[in-house]
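Accompanying notes for the structure given below.
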Amino acid sequence: MLRWPNVPACYGWLSLDRRGRWRLRGDPVTHCGLNDFLNRQYSHDEHGNYFVQNGPQRVFVELDYTPWIVHLVAADALATHVGEPVGEIRGAALDEEGSLLIEIPKGIALLSDRDLPTLLCHLHLASGEIADEPALLAFITQGVGADALALDWQGTRVPVVPLQRSAVPGRYGFVASPQAAVPGSPP
């Protein structure tokens with residue numbers, strides 16, 4: 002029986018942008034078949050490094066932000082960038098840039114910026130009112146308590162917390178920029 006050769010892992014070639022698009026060396030992947038393949042083979046290791054399994058080779062993914070990107074696919078439905086429906090929202094956060102992060106069973110996801118204006122009407126203050134721009138800005142800049150803002154989604158009220166972008170990988174256990182291990186160093 003033939004064995005696979007010892008194929009080294011690949012770093013720095015494949016990335017996932019903030020809108021859930023795959024990029025090879027910075028250029029968008031436009032071939033439908035390749036996109037489908039990347040979506041099917043997307044996974045992660047025990048250290049929080051995300052990769053695409055390409056036969057015997059792992060192609061590690063540079064993450065522009067989070068390992069998952071979610072999109073509105075209907076007025077009341079979200080799906081991940083790989084096309085899987087989001088059935089449960091476990092938490093939510095707003096970063097200092099106004100990006101909405103949504104905790105789903107697979108991990109932390111960034112809501113695509115294209116869908117943010119549509120989803121804003123689901124962000125409510127503790128009073129029940131829809132959060133307007135000044136309220137959102139105050140939440141982002143002053144870091145008010147978790148009960149001050151909530152994402153009302155499919156009949157569930159999910160508290161929204163303020164979160165610094167730099168804290169996201171550590172809090173949610175992923176590596177944004179995987180690196181090859183240096184021989185002799187611990188994993």
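In my numbering, the protein residues as written are 2 to 188. Yeah, the Cβ is synthetic: ideal placement off N, Cα and C, and Gly gets one too. The model shown is predicted, which means the values in this text are computed figures rather than measured ones.
Short Cβ contact (7 Å threshold) for residue i with residue j
i: VAL83; j: ILE105; result: no
i: VAL162; j: LEU152; result: no
i: ARG197; j: TYR66; result: In this structure the chain extends from 2 to 188, so residue 197 is not present and cannot be described.
i: GLU63; j: SER16; result: yes
i: GLY108; j: TYR173; result: yes
i: LEU124; j: ALA132; result: yes
i: ASP116; j: HIS45; result: no
i: PRO179; j: PHE61; result: yes
Residue i burial status per 10 Å Cβ neighbour count (16 or more: buried)
i: LEU112; result: buried
i: LEU95; result: buried
i: VAL74; result: exposed
i: ALA149; result: buried
i: PRO135; result: exposed
Neighbourhood of residue i by C-beta distance below 6 Å, restricted to the same chain and skipping five residues each side
i: ILE90; result: ILE103, TRP154, VAL159
Own chain residues within Cβ distance below 7 Å of residue i, not counting five before or after
i: VAL8; result: PRO57, GLN58
i: PRO237; result: Since the displayed the chain opens at 2 and closes at 188, residue 237 lies outside it and no answer follows.
Contact test: residue i Cβ vs the ligand GTP heavy atom, cutoff 6 Å
i: LEU117; result: With respect to the ligand GTP, the structure shown offers nothing to examine, as it has no ligands at all.
Range covered by the beta strand (DSSP E) that runs through residue i
i: VAL62; result: 58-64
Extent of the continuous alpha helix (DSSP H) to which residue i belongs
i: VAL169; result: 169-173
Task: Whole runs of the alpha helix (DSSP H) within the segment 6-51, excluding any shorter than 4 residues - done: Counting only runs of 4+ residues, the alpha helix (DSSP H) found wholly inside the segment 6-51 occupies 33-42, in chain order.
Open item on the list: Which runs of the alpha helix (DSSP H) at least 4 residues long sit entirely within the segment 122-166? Give them in chain order.
Closed with: Segments of the alpha helix (DSSP H) lying fully in the segment 122-166: 134-143.
Task: Any alpha helix (DSSP H) of 4 or more consecutive residues that is wholly inside the segment 76-125 - done: Qualifying alpha helix (DSSP H) stretches, in chain order: 117-120.
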